[in-house]
Structures are given as C-alpha cells and as structure tokens.
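Engineer:
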Amino acid sequence: MKIFVCVKYVPDTAAYVSIVDGNGFDDSVKHVVNPYDEFAIEEAIQIKERTDGEIIVVTLGKAHATAAIRFALAMGADRGIHIKVDEILVDTMTTVEALKIAIEQAGAADLVLMGKQSVDSEGMQTPYYLGEALGLHVATDVIDLVLEKDQAIVQSDLGNNEIAEIELDLPCVIGATKGLNEPRSPKLPNIIKAKKKPIEEIALEDLVPSKPVNRTSLISFEYAPERSQAILFEGDTAVVVEQLVEVFKEKALI
Amino acid sequence: MSRIGVVIEIRDNEIKDSNFGIITAACGDDTHDVCALIFDNSAEDHKETLEKYGVKTIIEITSDQVALNMLPDLKAIALVDAMNEFDFKTLIGLSSPTGRDLLTRTAARLNVPSVLDCIGVDFTDHTVMKSHFSGKTIAKFKLASEYFICGIRPNTHEAIERPLKAEAQIVSYSPIVHDKKGIRVRKIVKSSSKSVDLSEASTIISGGRAIKSAENFKILNECASVLGAAVGASRAAVDSGYAPHSMQVGQTGKTVSPKLYIACGISGAIQHFAGMKTSKFIVAINKDKDAQVFEKCDYGVIGDLFEVVPALTEALKTMKNEA
Amino acid sequence: MNFELTEEQNLIREMVNSFAETELAPSAKSRDEEEHFDRELMFDKLAEQGLTGIIFPEEYVGAGADYISYCIAVEELSRVCASTGATLVAHLSLGANPIYLFGSEDQKQKYLIPLSVGEKIGAIGITEPSSGSDAGSINMKAVRDGDEWILNGTKIFITNGGEAETYVIFARTDSEADKHHGISGFIVEKGTPGFSFGKKEEKMGVRSSPTMELVFENCRIPAENLLGEEGGGFKMAMITMDGGRIGIASQAIGIAQGALDHAIEYTKERKQFDTSIAGFQGVQFQLADMATQISAARFLVYNAAYRANEGLSHTREAAMAKLMASETAMKVTTQAVQLLGGYGYTREFPVERMMRDAKITEIYGGTSEIQRVVIGSSLTK
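Chains as they are written, first to last, in this note's numbering: chain A, 14 to 267; chain B, 1397 to 1719; chain C, 193 to 573.
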C-alpha cells in the first residue's frame, strides 16, 4: 500500500505570535508538527504495520519544515517530499495544487491521510480540495478508519454527540482528528535511523509555476482583542453567587 | 439586489437557533435577497420562522432518486446545480461539522476558494475575518473569485428579527443526480444523551482538572440544566478520564463561541482558550487566585467550585421559580 | 565550525523534554522527599525510549547516537529530575561504557547488550572509605585463584548501588607495582556470593537516586570477568571518568537550566509595586548572568562531548566542562532560590531541591578541586 501523509510545520500553540508589518508574523518561534497531522502519521504507520507498504510524507513549507518530515520519519514513515517555499503563508488553493502534483509524481496513492485542520491557519479545508484535485473521495473529522478490500469505512465526528459512519471507495483522502489513535512519540534509535531516510526537495515554483487565480489572499493580521481586566468576586459564597447572578441578569445572559 | 444562499441546518424538525444569526448577517442592511436552502421538504413548516428573520425565498433541494443527506458528494453537486439554476454565487452556512462539509465540498467542486469558521464577513468586498494561530490573531482574507463561499462560526452574529411585508416564497428544486456510489453515509449514530449541542450552545459550563472525578460532573450537569447550557471539559479533565473527548473544548477538541462560558476549575491554558476565546462573556470559577484563567476572563470567582457551582445552581433555580 | 544542533539532536531534545515533563515531573518532588528510587519510571521507561544505550552502536542494540545527543538527553532529564539524570549517567557513562570501551566481544555480548537495552542497570565502583575518586590509591584487593578472582574490600558512595545488576569494580591486583599499574577492572554481577550491600546513604540532594556501600567478602568471580588487561585498571578508570564528567556536567547544565526556567516564570508572574518583577532591571541583570553562565558552560560541555565523539583527547576539556557546569549549577540554583524569595526556600517550589541537587555535581566524579588539579597539571606538564 502506498500511503501519503500530508503534514504541516506550525508554530507551537504555546508560542507567542508577533505580527510583522500587519500581514506577516515572526516565524522564528518554536514550531511543531501540526498536532492533528500526528494522528494521520500514526494511522499510516499502524496500517503499514498490519499490511506492509510505503509511507511518504509530504510537506509544504520553508526550509525549517524538513523538521516536520524528520519527525514523521522518526515515527516510522519511509521517505519525505519537501515542497520548498519562501513565504510563510501559502493559500489553500496553491498548496493543494502543489500537493496534488507532488503526490501524482511520486506514484498512485492508495490512501492519503492528513490532519483535519492545521492549528495555525485553522482552515479545515485542505482534505476536501485535495480530494477534489486528485479525483478521490474525502471524509474528515475521522475518529475511526477500517480498510476493506476496495473501501474505507470511517466514523466521522459530527459534534453534538453524533457520529456518521461513512463508506468511501479507495483510494481516498482522510482528515484525521483526535480519537483516531494515540500518536507514538519517536523512539531514540528511530530518530537516528530517520537520518538515513531520503527527503526529496522540490521548489514550489517547479510544481506550480503560477498560482491559481481563484484563491484567498491575506490582507491583514491583528491581535485578537484581549479582555480588559476581569472583575473578581471573592469571599462568602452566598454573596459571591448573588453578585454573579446580578451580572448574568444585567448582561442578559440568563 | 444580489442573492445570498444560506444553508439552513435542521435538527429534530427544528431550525437550529444558530442559523438565525447568520441569516441576520446575510440580510445586512437589507441590500441582499436572502435565500434559505433546505435539503428536505419541510419549507412550509419553517416558512413563518424564516420570514421573521427576513428570508425572502426558501429553496427546497431534494432528489427523487437518492437520499441527498446521506451522499455528501451528490449533495454538493445538487447545491452547485441550484446555485446555477437560481443564479447566486454567494453561499454561506454554519461552520458546523455538517456545514463545513457541504460548503467546502461545494467550493472544491467549483474550484473556487472558500473560508470556514469566519467571525466576520463582508459580502461586498468578498473579505472575511477569521481566527488564526489558535485564536491569538484575527486574519482578514480576500477571496479572489466571482464566488463567495464561507462558513460562519456559530453565535458570532447576533440574530435580529426583521419581519417581511411580503410572504416568503417557497421553491422546490430537484436536480437530476446520479449516485455513483463512491461515498455514502451508512448511518448517523446519536449517543443517547439528550444534552445541548456543545459547539453551538449559547451557554456552556465546563469543568477542568479540579473537578477531580467523572461523578463530580453531575454538579455541572445540574447547573447546566437550570441554565439550559451545554457541558464541556478541558483537555486535562478529558485526559484524566473525567469526561469523554466529545466534551473537550480547546485545541484538539471543539471550538465554541457561546454568549456565556463558565470555566470551573480550569487553569486557563492557551490550548483551552484556543477553543473558547471568542465567547462573549467568560466567567471563571477557581480557588487559585493566581490561576491564569483570571487574566483572560470577564468575571472571576475566587472560590471552590464544589461550593460555588451548587450555590449558583440553587440561586438560579430560586430565580426561575420566582419568575 | 558549526554551533547549530542537528535536526536529530533537536528531535532528541524535544522527545526527552516531553518525556521528562510528562513522566518525571509529577513525582520529582515526592520521590525526593521519600528518597524513593522508582525503577520503572527512572530506568525502565528510559529504556523504552532508547536512552539506556543511546551512545552504543546498533550491533550492541544501542541507539547509535552521538555523544552530544547523550548530553542533551541527560540535560533534559536533569532539568526536571536530577536524580534520573544521575541514574542514567552512572548506568551509561560509568557502568556500561567501560565494558563497551575495554570489554572483550564475549563480555560485550554478555554484559553490554543487557545494559544497553535496559534490562539491567550498570554502576561503577572506584571510591573507597580511604580514597576518593583517585583510582591510584585503591585498597580493595583482588587475588587470582585458579580460574577465579577473589575480591575483598569495600566501595562507598556508589550511585545506582543496590539497584544495579552489573558493576564494574576496580581493585588492586598487584601490591608491588606502582600505584598506576597495580589496579585492574572487573565485572561483578549482583547476586554473586560474597558480594553484598552495606548502608544506603541519606543525602542532601539527588535523593531519589540510590547511593550505597558495596561489600566484598571473599567474593569469587570467574577469571574471564577481568575487564581489559590485568594492571590496566587505572588507565581505564581515568578514561571512564572523562566520559562520566561530561555526563555529570550535562546533569549540572540541566539542573541550572531548570532553575533558570522556574526563576523566569516566577519573576514574570510575581507582581510587586503593580508590575511584574521581571520588569525590574535588577532582576533582569540576574537572569541575564544566569543565562549567560549556563550558555558558556553548555558550550564547554558540547565541546568535550564533540571531542569524545571524534576520538580526540578530552581529559582536560571534560574536566573544564564539569568544573564550569557544576559551579554554574550551584550559583544559578542559589540565585534562583533568592529570586523566588520566601517561596524559593519552601518545598512548594522545586528550586530548593535543585539547589540541593546541584551541590553533588561539584563533588562526585571528582570534586571541583580535583578538576582544577586535572586541568592545572595538563597545562604544566
């Protein structure tokens, strides 16, 4: 089985994001593999452990994003493709076009896995667009995946305590989320072995010479408004609760 | 007057409340012709409600051949057909799991950009505001396309009634679609609990590590039933086995945006705030006065949740009885 | 010249960091208070992560990492729990490494592999009641009797003592030869008749790392357990100590970094006169000095590790690294306690433990005075 896993190298959620020039940010902060992508990598490895095959990790990002590939290789993926870009932010349409070409060049996919969203741009769309581009069916928010001969049977979390059971033809694109598995942390000997696994580098311009016309472009960034100093209540429980209820009434919250 | 299609989500035969806010957003200053899209034959049942919020047209999109709601790709194809048939290129819906799925499949089908989880939309400029970096920044995007498709985070737009003079018009549309059987929803399983939907609830009460056990969540459940609130949990509570993952708010859990969010015994990690930062009012109850959560909330109660929450429940009950 | 860590080294740091934070941090305080060595947590789990044989090649079921990676691992463990750092250094640098460096192929198969995979814990025995880390003045006796050696004597202050299964023991095999040529090394297994444990030390710091006395009374071991050549013990002990010093220096860096991290976090949160004290220049200067000293020491450690890795001489560099790192750890942890004020002195905050833990790094593996002797004599010989 040839499994592609798309991963993204994102600023650590705990890192402070500082906006530069109103439409960029300082990306020298600590980066990690997008947490949702770890579920996708783990799933690929578990499938490989059961059925054998090859896991190819694909990322699109600046030079430092090879670390995301190394991480996946240390977890157990076989090789990597790094689509190199200079910009910090690349829109979904361009990203998808590049991923599609890179995947097709590397051979026919039996399965494409990725996180259901990245924690930096929070787009939640790449699985759908990539599926459409590759001509494959898509299921996302996937918390359980069973592969049968020609089909994948997935459980997709719809929220509201509802779970959809979906069957889709293979090959397909899966957007992974928490619940699918428990991602392993790379073991030390595997980190060392990952050093020897190949990573192919391709420049974005070589895959996508001109960006799609229809796309999103970032206009500006601003800091999310911080709440002003909280009003704190302390002391006798009865009094405190009374004060709180007053606030609820005043703000029409109940 | 340009036409805006609004995908309406119906649950248990009723329109989900969070739809009205996005209808209001679509109405704007009455410059748009708001067209509600319903994927069954229930338009007549909802006509009165939708009129109240300014919907001029209701389009029922159904199929005689297949169950569209179980065929995500065909549903998107049907929607694309409807957009052509009724001539609208602006499409919005809730950024709920179902809404996201349909909107993005539709946009991908059209090969045009779309943005989900928007907290602000401008139908004229084709720009949207959305959270970025786990809620730390707000990004403004322009969608370069004649189409404008976006999903809006529930509860980010307040619903305002604007009754119409004329009756809303109902149109039935049944495009011809062929089931290629590539993807099919076999079934949708609901867990037995009849709790309020977390991601679209207007009030949420959540418990953190300090709740100490799964049983203790009943303290929150009791308060929630008086408040009509949904119950959430922090990652710490989920990881400790006190609550199922479906209740987790925050990174790797759900993103919520209620009017009132009550965080009980939650320290206030950035990963938790990533999921509830856009709540209108955040109230924190924590006995540690140095807890981070107090720096990022509107109202804080320094006290033991095991005392404060039951007292709050009682006070709210009394108030209700008096009313 | 390149000061960047490699991608692998960065990954190893992240991996060990998250392991330490999730696994070790929660119990670091209670293990210290109870002087509890939790073998499953402090050793078996390190083995699962591939840390117990980190520097050994794959043929001995090691991870095949370089020496700097090992330093990073010890540092990250010690940042959270110095006792676990001590366990790994004593096991790997001191217990297993001499077998790797000087053992026969049979010895490596029999003893190194179980140490490398972490089935067994290793330890070294040099120090005796009347001699410190100076292998030249060892009194313990080993006498050849047919196919066996008979060991008699006592070793003290043995890190991992009692818990370890495999010990490298240095004893005098020739009382006639000069002090540097009459010492030999032996591999002794726990459970060998005549080998028992004396008292467990009650210590100031690294309290969840066990320190014990080893007692040998007519302990007979097979002749093939002689490590390296007869009479080659002094040299082996000195080379082993060079590696051990790099390990201890890494432990010291970790302790210091842990204390600095807590000091930064605390001073940013602590408000005085309506502003966080981290905003005060007096506080910032202290933090700046602490961070600078740690960085300087860390580079000395990485330099020694690099040289060890490349097979270059590193006796002086290892001594410099340990001297600088351990004294930095003591200074930085003391300063961290000061910055946290009354809280720093309480056991609620981990910096007092770090201050107690730091002290041992100036003592074991050769005191700071010994390090100065090593450095000084290398300059003047």
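All residues carry an ideal CB built from backbone N, CA and C; glycine is no exception.
Would you say the beta carbon of Gln168 (chain A) comes nearer than 8 Å to a heavy atom of the ligand SAH?
Structural biologist: This structure simply doesn't include the ligand SAH, nor any ligand for that matter.
Engineer: Can you name the residues of chain C whose CB is closer than 7 Å to the CB of Ser198 (chain A)?
Structural biologist: Indexing the first sequence from 1 puts residue 198 (chain A) at position 185. Met207 and Ser210, listed in chain order.
Engineer: Do the stretch 244-260 of chain C and the stretch 308-318 of chain C touch if we need at least three Cβ pairs shorter than 8 Å?
Structural biologist: In short, these stretches touch, since the Cβ pair count reaches three.
Engineer: Using the DSSP secondary-structure output, state which residues sit across from Met1672 (chain B) in a beta bridge.
Structural biologist: Walking along the second sequence from the start, residue 1672 (chain B) turns up at place 276. None; Met1672 (chain B) has no bridge partner.
Engineer: If we define contact as Cβ-Cβ less than 9 Å, is Arg92 (chain A) a contact residue for chain B?
Structural biologist: Here the question's residue 92 (chain A) lines up with position 79 in the first sequence. Judged by the 9 Å Cβ criterion, Arg92 (chain A) is not in contact with chain B.
Engineer: Would you kindly check if the distance between the Cβ of Val1697 (chain B) and the Cβ of Leu245 (chain A) is under 9 Å?
Structural biologist: Position 232 of the first sequence, counting from 1, holds the residue named residue 245 (chain A). Position 301 of the second sequence, counting from 1, holds the residue named residue 1697 (chain B). Their beta carbons are under 9 Å apart, which means Leu245 (chain A) touches Val1697 (chain B) by this criterion.
Engineer: Flag this pair as yes or no: are the beta carbons of Gln527 (chain C) and Ala451 (chain C) separated by less than 9 Å?
Structural biologist: For the purposes of this step, residue 527 (chain C) is taken as the residue at position 335 of the third sequence. For the purposes of this step, residue 451 (chain C) is taken as the residue at position 259 of the third sequence. Contact: yes.
Engineer: Name the chain A residues that come within less than 8 Å of Cys1693 (chain B), Cβ to Cβ?
Structural biologist: Position 297 of the second sequence, counted from the start, is the residue given in the question as residue 1693 (chain B). Under the 8 Å cutoff, chain A gives Arg240 and Ala243.
Engineer: For the stretch 442-458 of chain C and the stretch 400-411 of chain C, state whether three or more C-beta atom pairs, one from each stretch, are separated by less than 8 Å.
Structural biologist: Touching, no, given that fewer than three Cβ pairs across the two stretches are closer than 8 Å.
Engineer: Note down, in chain order, every chain A residue with its Cβ under 7 Å from the Cβ of Ala255 (chain C).
Structural biologist: As a first step, residue 255 (chain C) must be located in the third sequence, where it is residue number 63. The contacting residues are Leu201, Pro202 and Ile205.
Engineer: DSSP beta-bridge partners for Tyr1695 (chain B)?
Structural biologist: Counted from its first residue, the second sequence places residue 1695 (chain B) at position 299. The partner list for Tyr1695 (chain B) (beta bridge, DSSP) reads A:Ile244 and B:Val1679.
Engineer: Does DSSP classify Gln1688 (chain B) as helix, strand or coil?
Structural biologist: In the second sequence, the residue the question calls residue 1688 (chain B) occupies position 292. The answer is helix: DSSP assigns Gln1688 (chain B) an H, G or I state.
Engineer: Look up Leu1446 (chain B) in the DSSP assignment and say whether it is helix, strand or coil.
Structural biologist: Here the question's residue 1446 (chain B) lines up with position 50 in the second sequence. Three-state DSSP puts Leu1446 (chain B) in a helix.
Engineer: Compare the C-alpha of Pro1509 (chain B) against each of B:Leu1499, B:Thr1651, B:Ala1719 and B:Gly1516 and name the closest.
Structural biologist: Taking the second sequence and counting its residues from 1, one reaches residue 1509 (chain B) at position 113. Comparing Cα positions, the closest option is B:Leu1499.
Engineer: Helix, strand or coil: which one does DSSP assign to His283 (chain C)?
Structural biologist: One-based indexing of the third sequence puts residue 283 (chain C) at position 91. Looking at His283 (chain C) - three-state DSSP - the assignment turns out to be helix.
Engineer: Would you identify the three-state DSSP class for Asn289 (chain C), choosing helix, strand or coil?
Structural biologist: By 1-based counting over the third sequence, the position of residue 289 (chain C) is 97. In the structure shown, Asn289 (chain C) sits in a helix (DSSP, three-state: H, G or I).
Engineer: With distances taken Cα to Cα, identify the nearest neighbour of Arg92 (chain A) among A:Lys15, A:Leu257, A:Val258 and A:Ala111.
Structural biologist: By 1-based counting over the first sequence, the position of residue 92 (chain A) is 79. Per the Cα distances, A:Lys15.
Engineer: Report the neighbours of Phe84 (chain A) on chain C: residues whose CB is nearer than 7 Å to its CB, in chain order.
Structural biologist: Taking the first sequence and counting its residues from 1, one reaches residue 84 (chain A) at position 71. Correct list: Leu203.
Engineer: Which partner residues of Ser323 (chain C) appear in the DSSP bridge assignment?
Structural biologist: The residue you call residue 323 (chain C) lines up with position 131 of the third sequence. In the DSSP output, where bridge partners are listed per residue, Ser323 (chain C) has C:Glu320.
Engineer: Using a Cβ-Cβ cut-off of less than 8 Å, list which residues of the stretch 232-258 of chain C approach chain A; keep chain order.
Structural biologist: Of all residues in the stretch 232-258 of chain C, Glu240, Gln241, Gly242, Leu243, Ile246, Glu250, Gly254, Ala255, Gly256 and Ala257 have a Cβ within less than 8 Å of some Cβ in chain A.
Engineer: In three-state terms, what does DSSP make of Lys463 (chain C)?
Structural biologist: Translated into positions along the third sequence, residue 463 (chain C) becomes position 271. Strand, per DSSP.
Engineer: For Asn1507 (chain B), report the span of its alpha helix (DSSP H) as first-last.
Structural biologist: Position 111 of the second sequence, counted from the start, is the residue given in the question as residue 1507 (chain B). That residue, Asn1507 (chain B), is in no alpha helix (DSSP H); it is neither H nor E in DSSP.
Engineer: Which residue comes first and which comes last in the alpha helix (DSSP H) that contains Ile116 (chain A)?
Structural biologist: Your numbering for residue 116 (chain A) matches position 103 in the first sequence. Residues Thr105 to Gln118.
Engineer: Please work out which residues of its chain come closer than 8 Å, Cβ to Cβ, to Asp466 (chain C), disregarding the five sequence neighbours upstream and downstream, and give them in chain order.
Structural biologist: Within the third sequence, numbered from 1, the residue matching residue 466 (chain C) stands at position 274. Correct list: empty, nothing qualifies.
Engineer: What residues in its chain sit with their C-beta under 6 Å from that of Glu67 (chain A), if we drop five residues either side in the sequence?
Structural biologist: Translated into positions along the first sequence, residue 67 (chain A) becomes position 54. Excluding residues within five positions, the ones whose Cβ falls inside 6 Å are Lys15 and Asp91.
Engineer: Within 9 Å (strictly less), CB to CB, does Lys1485 (chain B) reach chain A?
Structural biologist: Reading the second sequence from its first residue, position 89 is the one you call residue 1485 (chain B). Closer than 9 Å: no.
Engineer: Output, in chain order, the set of chain A residues within a Cβ distance shorter than 9 Å of Glu200 (chain C).
Structural biologist: What you label residue 200 (chain C) is simply residue 8 of the third sequence in a count that begins at 1. Correct list: Arg83, Ala87, Ile204, Ile205, Ala207 and Lys208.
Engineer: Note down, in chain order, every chain C residue with its Cβ under 8 Å from the Cβ of Thr79 (chain A).
Structural biologist: On the first sequence, position 66 is the one that residue 79 (chain A) refers to. Chain C residues near Thr79 (chain A): Glu199.
Engineer: Could you please give me the residues that DSSP links to Ser468 (chain C) through a beta bridge?
Structural biologist: Walking along the third sequence from the start, residue 468 (chain C) turns up at place 276. Its beta-bridge partners are C:Lys463.
Engineer: When the Cα atoms are used, what is the spatial distance from Thr484 (chain C) to Glu320 (chain C)?
Structural biologist: Here residue 484 (chain C) is taken as the residue at index 292 of the third sequence, counted from 1. Here residue 320 (chain C) is taken as the residue at index 128 of the third sequence, counted from 1. If I take the Cα positions, the gap works out to 37 Å.
Engineer: Alpha carbon to alpha carbon, what distance is there between Asp549 (chain C) and Met396 (chain C)?
Structural biologist: Translated into the one-based positions of the third sequence, residue 396 (chain C) becomes position 204. Translated into the one-based positions of the third sequence, residue 549 (chain C) becomes position 357. Looking at the two C-alpha atoms, the distance is approximately 7 Å.
Engineer: List the residues of chain A whose Cβ lies closer than 7 Å to the Cβ of Arg1496 (chain B), in chain order.
Structural biologist: What you label residue 1496 (chain B) is simply residue 100 of the second sequence in a count that begins at 1. Result: Met137.
Engineer: At the level of alpha carbons, what is the spacing between Glu226 (chain C) and Ala521 (chain C)?
Structural biologist: Working through the third sequence from its first residue, we reach residue 226 (chain C) at position 34. Working through the third sequence from its first residue, we reach residue 521 (chain C) at position 329. Each residue's Cα considered, the two are about 24 Å apart.
Engineer: Between Val1645 (chain B) and Gly1628 (chain B), is the Cβ-Cβ spacing less than 9 Å?
Structural biologist: The count along the second sequence starts at 1 and reaches residue 1645 (chain B) at position 249. The count along the second sequence starts at 1 and reaches residue 1628 (chain B) at position 232. Yes, Cβ-Cβ distance for Val1645 (chain B) and Gly1628 (chain B) is below 9 Å.
Engineer: Using a beta-carbon distance below 9 Å, is Cys185 (chain A) in contact with chain B?
Structural biologist: By one-based count along the first sequence, residue 185 (chain A) stands at place 172. True, the Cβ-Cβ gap to chain B drops below 9 Å.
Engineer: Which residues bound the alpha helix (DSSP H) around Lys514 (chain C)?
Structural biologist: Against the third sequence, residue 514 (chain C) aligns to sequence position 322. Residues Thr507 to Tyr537.
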